[in-house]
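Per our numbering, the very first residue in the sequence shown carries number 1; after that it's consecutive. Even for Gly, the Cβ is constructed at its ideal location relative to N, Cα and C. Working notes, beginning with the structure itself.
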Amino acid sequence: MTSRDEIRDVKALRDDLDADARRRGHDMSWRLGPNATRKDHAYFWVGDCVNCGANMRCALGSSSCQGVRDARKVACSGPGTVVLTEIEAGRALELAADAVAEFGRQVAENLRRAQDD
Ligand SMILES: [Zn+2]
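Now the structure itself:
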């Protein structure tokens with residue numbers, strides 16, 4: 001179980017990150033991360049800007065970004081631009097899928113060559 005001290009510290013970090021993001025124009029919507037209150041799971045928060053879709057997460061002593069726009073670093077691109085972020089995220093997934101497929105083709109080719117030797 002997450003201690004009260006840990007919950008307090010993570011919330012304080014979330015609030016600091018939120019204030020910092022607001023200075024860059026973001027309007028963060030925060031929610032507890034998946035399984036964040038379950039035993040033996042990390043207690044963390046996930047935030048997305050309602051205007052531009054920038055993302056960040058915070059846990060005990062750390063923060064990160066899981067999206068294509070890092071709310072900790074970039075300025076808000078304004079209301080209604082979340083759709084552009086969604087398009088960019090979709091394209092990033094397509095590129096990753098293509099790269100994984102190419103990797104699989106190269107592994108298969110290398111296995112064929114190794115068997116021929
Ligand atoms: Zn924003």
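Given a cut-off of 7 Å, decide if C76 and H26 are closer than it, judged by their beta-carbon atoms.
Here residue 26 is taken as the residue at index 26 of the sequence shown, counted from 1. Here residue 76 is taken as the residue at index 76 of the sequence shown, counted from 1. Against a cut-off of 7 Å, the Cβ pair of C76 and H26 comes out as a contact.
Where V74 falls: helix, strand or coil (DSSP):
Position 74 of the sequence shown, counted from the start, is the residue given in the question as residue 74. Coil at V74, not helix or strand.
DSSP state of A36 mapped onto helix, strand, coil
Residue mapping note: residue 36 aligns to position 36 of the sequence shown, counting from 1. If DSSP states are grouped into helix, strand and coil, A36 belongs with coil.
With distances taken Cα to Cα, identify the nearest neighbour of L17 among S62, R38 and C52.
One-based indexing of the sequence shown puts residue 17 at position 17. Closest by alpha carbon: S62.
In or out: N55 buried (at least 16 other Cβ within 10 Å) or exposed?
By 1-based counting over the sequence shown, the position of residue 55 is 55. Buried: at least 16 other Cβ atoms inside 10 Å.
On the DSSP bridge list, what partners appear for C49?
Taking the first residue of the sequence shown as position 1, residue 49 is located at position 49. In the DSSP assignment, the residues bridged to C49 are M28.
Apart from the five residues on each side of it in sequence, which residues of its chain come closer than 7 Å, Cβ to Cβ, to Q66?
The residue given as residue 66 occupies position 66 in the sequence shown. If we look at Q66 and ignore the five residues flanking it on each side, its Cβ neighbours are N55 and R57.
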